[in-house]
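Input: a single structure, listed below in structure tokens.
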Amino acid sequence: MPVLAKRLTRIYQKLYGFFGPQAWWPADSPFEMMVGAILTQNTSWRNVEKAIRNLKEKNLLDAQRLYRLPQDKLASLIRPAGYYNIKAKRLRAFLEFFCRDYQSDPNKLRRQDTASLRRQLLAVNGVGPETADSILLYALEKPVFVVDGYTQRILARHGLAKGADDYLKLQNLFMQNLKNSVKLFNEYHALLVKLGKEFCLKNKPKCRTCPLR
DNA sequence: CACCAGGCAAGTA
DNA sequence: TACTTGCATGGT
Numbered sequence: 638m639p640v641l642a643k644r645l646t647r648i649y650q651k652l653y654g655f656f657g658p659q660a661w662w663p664a665d666s667p668f669e670m671m672v673g674a675i676l677t678q679n680t681s682w683r684n685v686e687k688a689i690r691n692l693k694e695k696n697l698l699d700a701q702r703l704y705r706l707p708q709d710k711l712a713s714l715i716r717p718a719g720y721y722n723i724k725a726k727r728l729r730a731f732l733e734f735f736c737r738d739y740q741s742d743p744n745k746l747r748r749q750d751t752a753s754l755r756r757q758l759l760a761v762n763g764v765g766p767e768t769a770d771s772i773l774l775y776a777l778e779k780p781v782f783v784v785d786g787y788t789q790r791i792l793a794r795h796g797l798a799k800g801a802d803d804y805l806k807l808q809n810l811f812m813q814n815l816k817n818s819v820k821l822f823n824e825y826h827a828l829l830v831k832l833g834k835e836f837c838l839k840n841k842p843k844c845r846t847c848p849l850r
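Sequential numbering of the first sequence, starting at 638, is according to my numbering.
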């Protein structure tokens, strides 16, 4: 077994043993996950929850109804999530794609070839690598590893990546050295985020009690 | 008061 | 290609 595979597996085992299962993605439906993936861009999940709650209260957590809503109305509802004007625009770009090309049916998305679907998602304005992969993994259950800012910092800190490594390089590191499992990728990414929140805030790890030491 | 959160696109050189 | 900047609320 390659050394990288061993290290990545060991890190996972430590994190899982310390934190336990993370129960991601926290949402009631695939559509709610996709909306959340866009709303949480560079934003705390706590603020996203407020925005999602606003949409649920108005019974607007539905692709067709949400797309009919004027952009400025949508913006005011998602205000707590921050960047509300640009996110309203991004949500609408995604909704247009989802409704027009897939009749707002997550199962039709799920039937697509993963690589092709990833390209289609990336073509939507406002959907970048992490958002696309979050949708693929969590909403559509495709075995794709999600990389985020915490992942980059943690790997760099443990000598598994350079600071300059790009998204695909880090994603490949995981996908080429681990079993391609939806369950594993789901839990691993969530655990890295958990570790980052708890121990690497402000990029100054409190490694005294860090489970990776 | 400062800092930053489960990024991304657009502009510049 | 590689860097910089705008976007914005709410918690610590």
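Idealized CB from N, CA, C, for every residue including glycine.
From a predicted model like this one, the values you see are computed outputs, not experimental measurements.
Fewer than three pairs of CB atoms, one per stretch, sit closer than 8 Å, so the segment 711-722 makes no contact with the segment 751-760. Excluding the 5 residues flanking it on each side, R727 has same chain C-beta neighbours closer than 6 Å at I675, G763, in chain order.
When the beta-carbon positions are compared, F811 and L692 stay at least 9 Å from each other. E669 is a Cβ neighbour of L698, given a cutoff of 9 Å. Non-local beta-carbon contacts of Y704 in its own chain, meaning distances under 6 Å to residues more than five positions away in sequence, involve L732, C736 in chain order.
Counted as a single uninterrupted DSSP element, the alpha helix (DSSP H) harbouring Q708 occupies residues 708-714.
In the structure shown, L805 falls within a helical segment according to DSSP collapsed to helix, strand and coil.
Per DSSP, V764 lies in no alpha helix (DSSP H) and is assigned neither H nor E. The Cβ neighbour count for P707, taken over all protein chains shown within 10 Å, is under 16; the residue is labelled exposed. With contacts defined as CB atoms closer than 9 Å, L641 and Y825 fail to qualify as a contacting pair. In the structure shown, the three-state DSSP call for M812 is helix. Remark: three or more beta-carbon pairs, one from each stretch, lie closer than 8 Å, so the segment 654-665 and the segment 820-835 are flagged as touching. In this structure F782 touches F822 by the C-beta definition: roughly 5 Å separates them, less than 8 Å.
Between the alpha carbons of Q813 and K695 lies a gap of roughly 44 Å.
Sequence-distant partners of L773 (beyond 5 residues in either direction) whose C-beta falls short of 8 Å from its own C-beta, in its chain, are T751, L754, R755, L758, K779, V781. Closest in alpha carbon position to I791, among V761, L746, T768, P848, is P848.
With 16 or more neighbouring CB atoms inside 10 Å of its own CB, T788 falls in the buried class.
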